[in-house]
Amino acid sequence: MSSSESPARTEAVRQAAPLSRLTRRRFLRYGLIGSAALAAAAAGSFAILRRSPVDAIPVAEGIRNLGAGEYHLFRRAIEVLLPTAGTALTPVEEVPVLANIDHMMGLLPAHVRQELGTGLALFDNAAVVSGFHGRRFVDLDDQAAVDYFDAWSRGHSIQRALNTVIKQFVYTAYWREPETWPPVEFDGPVSDDWGLDYLGNAPLPREDQA
Amino acid sequence: MSRRRRRINMPRQGVPVTTARDVAQDPSRGRRFNIKTEVVVVGSGAAGSVVAHELARAGHEVLVLEAGRYYPSSQFTEHLGDTINEVYKDQASQLNSTADVLFVEGACIGGSTVIGACVMHRPPNSLLEGWSERHGLDQMTPEKLAPLYDEIGEEQFVHLNEAHEINATAHKVIQGCEHMGFRWRPVTRNVRRCALTGHCLAGCKPDRKMSALVTHLPWAVGYGAELYADTHVTRVRIENNRATGVDAVVRDPDTGDTVAEMRVDAQVVVSAGGAIQTPLLLQRSQAPDFSGELGRNLALQPFTQVLAEFPEELYGFRGALVGVQVDEFLESDGFLFYSALAEPEQLMAQGDQGVGADHINFMLRYKHLAGLNAFSIDDGRGSVSWDGGVNDGRQIIRWNPSRKEFNRIKQSASLAARIFFSAGAKRVYMPTYQRLEVDSVFDLDKTMDEVDYGLRGMYTFRSNSFSPQGTCRMGSERSRAVVNPNGELFDVAGLFVADASLFPEPMAAAPHWTVQVLAKHVARRIEARRSSLFI
Chain P
41 MSSSESPART EAVRQAAPLS RLTRRRFLRY GLIGSAALAA AAAGSFAILR RSPVDAIPVA
101 EGIRNLGAGE YHLFRRAIEV LLPTAGTALT PVEEVPVLAN IDHMMGLLPA HVRQELGTGL
161 ALFDNAAVVS GFHGRRFVDL DDQAAVDYFD AWSRGHSIQR ALNTVIKQFV YTAYWREPET
221 WPPVEFDGPV SDDWGLDYLG NAPLPREDQA
Chain S
89 MSRRRRRINM PRQGVPVTTA RDVAQDPSRG RRFNIKTEVV VVGSGAAGSV VAHELARAGH
149 EVLVLEAGRY YPSSQFTEHL GDTINEVYKD QASQLNSTAD VLFVEGACIG GSTVIGACVM
209 HRPPNSLLEG WSERHGLDQM TPEKLAPLYD EIGEEQFVHL NEAHEINATA HKVIQGCEHM
269 GFRWRPVTRN VRRCALTGHC LAGCKPDRKM SALVTHLPWA VGYGAELYAD THVTRVRIEN
329 NRATGVDAVV RDPDTGDTVA EMRVDAQVVV SAGGAIQTPL LLQRSQAPDF SGELGRNLAL
389 QPFTQVLAEF PEELYGFRGA LVGVQVDEFL ESDGFLFYSA LAEPEQLMAQ GDQGVGADHI
449 NFMLRYKHLA GLNAFSIDDG RGSVSWDGGV NDGRQIIRWN PSRKEFNRIK QSASLAARIF
509 FSAGAKRVYM PTYQRLEVDS VFDLDKTMDE VDYGLRGMYT FRSNSFSPQG TCRMGSERSR
569 AVVNPNGELF DVAGLFVADA SLFPEPMAAA PHWTVQVLAK HVARRIEARR SSLFI
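Going down the list, the sequences are from chains P and S. Be aware that the first sequence starts at 41, since it is given in the working numbering, and climbs by one per residue. Be aware that the second sequence starts at 89, since it is given in the working numbering, and climbs by one per residue.
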């Protein structure tokens with residue numbers, strides 16, 4: 041039996057139905073985040089049906105702001121988005137990408153953080169039904185995960201939003217580290233290397249000096 | 089009443105600032121303290137710094153309160169990530185209510201002038217004439233404002249970019265414009281002996297950028313002005329239709345914990361926190377709003393960044409960040425284009441940069457890229473509102489493009505792509521939420537047709553705003569405007585607005601220069617009325 045025909049999938053489709061029934065007017069009324077919350081509630085239910093082996097993996101020490109589900113989502117997203125092995129780029133394992141994401145999460149205002157958590161759960165769990173994968177994002181193979189991102193980048197507003205947010209967290213967390221710059225020949229800080237003099241405060245305007 | 093100027097005692101480097109740490113370590117202040125001054129200025133950026141300098145020079149006691157931290161140039165690292173963490177508002181995650189438009193704003197002593205790209209644009213006369221005629225602003229004619237533009241221009245070392253300040257990205261834009269027959273010119277910037285580090289967005293470490301950190305703030309301090317960082321003004325106190333001061337909270341910038349509560353008694357309050365923060369402050373203060381326009385008419389001047397890949401290596405991220413502008417369409421369509429390509433991290437906010445191997449290949453071609461920022465005028469239909477209590481509420485920015493605005497953004501991005509194709513680009517990356525690459529100018533229209541307006545234009549173009557404006561518009565009629573031609577609220581004596589909130593209509597040009605001109609205008613109107621405003 042293929043995953044698309046499984047009882048779990050049938051149940052997941054049933055539980056996700058509230059999202060598909062949203063009319064445009066209701067979508068506007070509840071807003072993007074409200075809709076995401078509704079969908080995530082449905083997705084959260086079928087997450088119970090679709091447990092993942094990664095759920096048993098403990099969260100790394102030092103992670104303070106990411107929940108376990110978010111941690112595993114980003115860990116998988118990093119592998120999919122930044123397959124640096126065999127390329128000229130700095131190996132992703134040598135860059136504290138997850139730690140940076142965790143730090144950035146901690147800086148978000150509380151209401152944004154809460155809404156984002158809802159959206160991330162949706163992204164992970166919706167793979168069960170979206171694209172007929174029959175499994176969560178964290179369990180997709182590499183090509184399926186790439187396809188999933190591509191499909192969401194062309195999807196509806198919520199999908200485009202979450203696709204963007206996850207990519208932006210991962211890529212920003214990687215590219216902000218100076219060790220990633222030499223392979224792309226970005227110079228980074230230059231003032232000290234160039235021996236630039238510091239001009240200090242500008243002179244007073246002419247009128248003040250009169 | 090006449091006053092003598094105080095003795096100048098201007099620091100050579102940095103600015104003396106009282107921070108949350110200073111307050112916490114000073115037992116004499118306690119958890120609540122009062123300050124009495126003549127003028128309190130809320131915000132220390134482009135507008136607040138100019139007002140502080142003007143009024144301190146005129147002999148007034150001036151106190152400047154800044155919600156952000158003090159991050160002096162001696163601590164700059166030329167690392168965008170560090171800077172975003174320290175001085176960008178909400179760590180560069182200030183978004184509209186649908187979370188698809190980013191509002192980039194500085195939250196530090198010096199405000200957005202610290203992280204701006206130095207672009208100073210003097211608007212066309214037609215804009216000021218329109219403001220003057222349609223809003224009864226007799227003092228806003230091009231002729232009357234010209235001396236103020238000149239003054240600011242001199243104070244800020246504004247100059248036309250010289251040849252060495254035009255980098256490879258800019259040269260590609262020039263090349264494209266020449267082929268297309270579009271008018272271009274070097275950008276005017278407020279920088280003194282630009283060191284060409286390309287790190288404008290991370291603050292200018294060698295102090296070449298004429299931000300408020302090295303100009304109007306130290307000058308104001310030289311005349312005795314005092315600065316507080318980490319100080320969030322919660323409300324303006326208004327009694328009997330007169331501003332009497334502000335209430336503020338001093339917060340630890342790292343933890344957000346309250347260090348102390350501050351009460352400032354002042355004869356004049358000037359709000360200069362920008363077009364997002366100023367209306368929020370006035371709303372929290374329950375300032376009278378007879379016109380109903382407070383917080384409305386928000387214009388974004390949304391911009392997108394089109395990236396182009398060229399066969400040759402450009403290293404377009406080196407040199408002065410912004411080299412040239414394309415102003416062919418400024419008055420006809422409200423489009424303005426600036427050449428720019430910044431750090432790798434910054435690219436991630438401009439478009440969908442691919443997945444996996446596709447992303448890696450894209451970034452390995454970074455040195456082949458050029459960027460063109462496409463600004464398009466919007467119609468000022470957005471709003472800013474404060475939701476909840478003074479201390480536990482939150483801001484809501486509402487803006488989504490109308491179909492007309494969406495089409496303008498699309499058209500400006502398409503024009504930017506055409507300029508690059510004319511310069512020989514082999515691929516153009518469109519600034520959209522979906523991955524869109526175009527390999528030939530002949531495919532451009534067909535590809536752009538894939539970007540559909542959809543639901544309120546949400547999640548279509550990756551729009552950013554550096555220049556929100558118009559939320560406390562100035563005018564002569566109390567029924568249509570929030571503040572009068574002096575910058576004073578119609579129904580609250582002694583409460584002034586001096587920032588981009590004042591703009592009565594959206595402008596297409598970069599607003600920094602005009603903001604400083606209006607701040608100077610408001611400060612001088614305050615000084616002109618000193619006998620009625622000050623005891």
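Ideal Cβ positions, reconstructed from N, Cα and C, are used throughout, including at glycine.
Query - Residues near residue 268 of chain S by beta carbon distance below 7 Å, same chain, minus five either side - result: 506, 507 and 510
Query - Proximal residues of chain S, C-beta to C-beta of residue 229 of chain P below 7 Å - result: 165, 166 and 167
Query - Cβ separation of residue 209 of chain S and residue 462 of chain S, assumed to be a contact under 8 Å, to the nearest whole Å - result: Wrong, their Cβ atoms sit about 15 Å apart, outside the cutoff.
Query raised in the report: For residue 208 of chain P, which residues in chain S fall below 8 Å Cβ to Cβ?
Result: 436 and 437
Query raised in the report: Are residue 129 of chain P and residue 223 of chain P closer than 8 Å when you measure CB to CB?
Result: yes
Report task. Measure the CB-CB distance between residue 303 of chain S and residue 213 of chain P and report whether it falls below 8 Å. Result -> no
Query raised in the report: Listed from N- to C-terminal order along the chain, which residues in the region 403–434 of chain S have their beta-carbon within a distance smaller than 8 Å of any beta-carbon of chain P?
Result: 403, 405, 406, 431, 432 and 433
Query raised in the report: How many Å lie between residue 488 of chain S and residue 551 of chain S at the Cα?
Result: 10 Å
Requested in this report: Indicate the three-state DSSP secondary structure (helix, strand or coil) for residue 468 of chain S in the structure shown.
Outcome: coil
**Report entry** Coil, strand or helix - residue 139 of chain S by DSSP
**Finding:** helix
Report task. In angstroms with no decimal places, state the Cα-to-Cα distance between residue 226 of chain S and residue 617 of chain S. Result -> 18 Å
Report task. Whole angstroms is fine: what's the gap from residue 221 of chain P's alpha carbon to residue 567 of chain S's? Result -> 55 Å
Query raised in the report: Thinking C-alpha only, which one of S/464, S/387 and S/400 is nearest residue 419 of chain S?
Result: S/464
Query raised in the report: Is the CB of residue 534 of chain S under 8 Å away from at least one CB in chain P?
Result: no
Query raised in the report: Within this structure, are the beta carbons of residue 359 of chain S and residue 366 of chain S separated by less than 8 Å?
Result: yes
Query raised in the report: At a Cβ cut of 7 Å, what residues of the region 441–459 of chain S count as close to chain A, listed as they run along the chain?
Result: Protein chains P and S are contained in the structure displayed, whereas chain A is not.
Query - Run of the beta strand (DSSP E) containing residue 121 of chain S, from where it starts to where it stops - result: 120–124
Query - Extent of the continuous alpha helix (DSSP H) run through residue 395 of chain S - result: From DSSP, residue 395 of chain S is part of no alpha helix (DSSP H) but of the beta strand (DSSP E) over 391–397.
Query raised in the report: Given that a residue counts as buried once 16 or more other Cβ atoms are within 10 Å of its Cβ, and exposed if not, what is residue 502 of chain S?
Result: buried
Requested in this report: Would you decide whether residue 166 of chain S is buried or exposed? Buried here means 16 or more other CB atoms lie within 10 Å of its CB.
Outcome: buried
Query raised in the report: Name the chain S residues whose beta carbon is nearer than 7 Å to that of residue 133 of chain P?
Result: Ordered by position in chain S, no residue passes the 7 Å Cβ test against residue 133 of chain P, which lies about 15 Å from the chain.
**Report entry** Cβ of residue 314 of chain S within 8 Å of any chain P Cβ
**Finding:** no
**Report entry** Bridge partner(s) assigned by DSSP for residue 314 of chain S
**Finding:** S/151
Query - Own chain, CB closer than 8 Å to residue 498 of chain S, minus 5 neighbours either side, in chain order - result: 536, 539 and 549
Query - N-terminal and C-terminal residue of the alpha helix (DSSP H) that residue 230 of chain S is part of - result: 230–243
Query raised in the report: Within the 8 Å Cβ cut-off, does residue 298 of chain S reach chain P?
Result: yes
Query raised in the report: Under a CB-based cut-off of 8 Å, is residue 307 of chain S close to chain P?
Result: yes
Report task. Find the nearest neighbour of residue 103 of chain P within the set P/127, P/183 and P/136, judged by alpha-carbon distance. Result -> P/136
Report task. Name the two residues that bound the continuous alpha helix (DSSP H) containing residue 356 of chain S. Result -> First-last for residue 356 of chain S: 356–359, but that is the beta strand (DSSP E), not the alpha helix (DSSP H).
Report task. Go ahead and label residue 415 of chain S buried or exposed: buried means 16 or more other beta carbons lie within 10 angstroms of its beta carbon, across all protein chains shown. Result -> buried
Requested in this report: Specify the secondary structure class of residue 619 of chain S as computed by DSSP and reduced to three states.
Outcome: helix
Query raised in the report: Bridge partners of residue 424 of chain S, per DSSP?
Result: S/463
Query raised in the report: For residue 423 of chain S, which option in S/450, S/496 and S/256 has the closest C-alpha, if you only look at C-alpha atoms?
Result: S/496
Report task. Kindly say whether residue 170 of chain P, judged by its beta-carbon, lies nearer than 8 Å to any beta-carbon of chain S. Result -> no
Query raised in the report: Quick one: Cα of residue 113 of chain P to Cα of residue 326 of chain S, how far?
Result: 50 Å
Query - Length of the line joining the Cα atoms of residue 431 of chain S and residue 402 of chain S - result: 14 Å
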